[in-house]
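Take a look at the structure set out below.
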Amino acid sequence: MKIFYSVLILSSLMTGFAAQAEDVSATLSITGDATSGPTGCEVNMNPTTIALDTIDLDALPWQGGNTIPKNPINLSISGSSECYALVLADRMAYRFVGTPDAGEGSVLANIDTSSQAAKGVGIGIFDMHGKFLDIRKTVSALDLQRITMQVVSLKGTEQKPTEGHVSGNLTVQIERL
């Protein structure tokens, strides 16, 4: 009999609680992003500053021509495993960004504007074999590990090369293909 009364009291309490409960709704705001993990890639250059060799005006290579490579700059890409996979699949390229020359636009302009600035010259970029690289075009990261730079005689301008200082800036970017 005690068990019966206990069950009866317990069931009465439950019914009473249920009868007094109000229906109160709540809103849950959910936001988020779905990603495939970190995919950041980074260009590494060594060294990051160079001094171009002094060269006789008569020995300047022409813009677009090849040269003997000197003072290499090592290029590499680091980052996630996806980044390395893109390089190995030849789906990653370097893009050279800088002020182009006023003639053909395929080399870096001499940005020195002082009275001692050289005229009629630009800064050419070459691969490790001395082959000319046009700054308007991308170059496969799989095929390029080193670049060199040299003062070149500009084509497409009427200015003859003159002696003087040469200065330029180059940014190397990554482009996914």
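Numbers -21 to -1, 1 to 156, taken from mature numbering (1 follows the signal peptide of the UniProt record, and there is no 0), label the letters of the sequence shown in order.
In this text, a Cβ means the ideal position worked out from N, Cα and C, and glycines have one as well.
Since the structure is predicted, the reported quantities are computational estimates derived from the model, not experimental observations.
Assigned exposure category for residue i - 16 Cβ within 10 Å defines buried
i: S132; result: buried
i: E137; result: exposed
i: S93; result: exposed
i: I153; result: buried
i: D69; result: exposed
i: S85; result: buried
i: Q42; result: buried
i: Q95; result: exposed
Run of the beta strand (DSSP E) containing residue i, from where it starts to where it stops
i: S60; result: Element bounds for S60: not the beta strand (DSSP E) but the alpha helix (DSSP H), 60 to 67.
i: V100; result: 100 to 106
i: Q138; result: Taken as a continuous stretch (DSSP letters only), Q138 belongs to no beta strand (DSSP E), as it is neither H nor E.
i: Q124; result: Where Q124 is concerned, there is no enclosing beta strand (DSSP E), given that its DSSP letter is neither H nor E.
i: N23; result: 20 to 25
Contact check, residue i vs residue j, beta carbons under 8 Å
i: N148; j: I90; result: yes
i: I47; j: G109; result: yes
i: K87; j: G101; result: Note on residue identity: the sequence assigns Leu, not Lys, to residue 87. Yes, Cβ-Cβ distance for L87 and G101 is below 8 Å.
i: V151; j: Y63; result: no
i: L39; j: V130; result: yes
i: R125; j: L36; result: no
i: L123; j: D106; result: yes
i: N23; j: S60; result: no
i: I29; j: F75; result: no
i: K134; j: G82; result: yes
Contact test: residue i Cβ vs the ligand SAH heavy atom, cutoff 7 Å
i: L123; result: Within the structure as shown, the ligand SAH is missing, as the structure has no ligands at all.
Residues sharing a beta bridge with residue i, DSSP
i: I153; result: Y73
i: A88; result: G101
i: N53; result: N25, R125
i: L112; result: I104
i: P79; result: L87
i: V145; result: According to DSSP, which records beta bridges pairwise, V145 is partnered with nothing at all.
i: A96; result: H144
Cutoff 8 Å: residue i Cβ touching any chain E Cβ
i: I153; result: Looking for chain E here will not work: only one protein chain is present.
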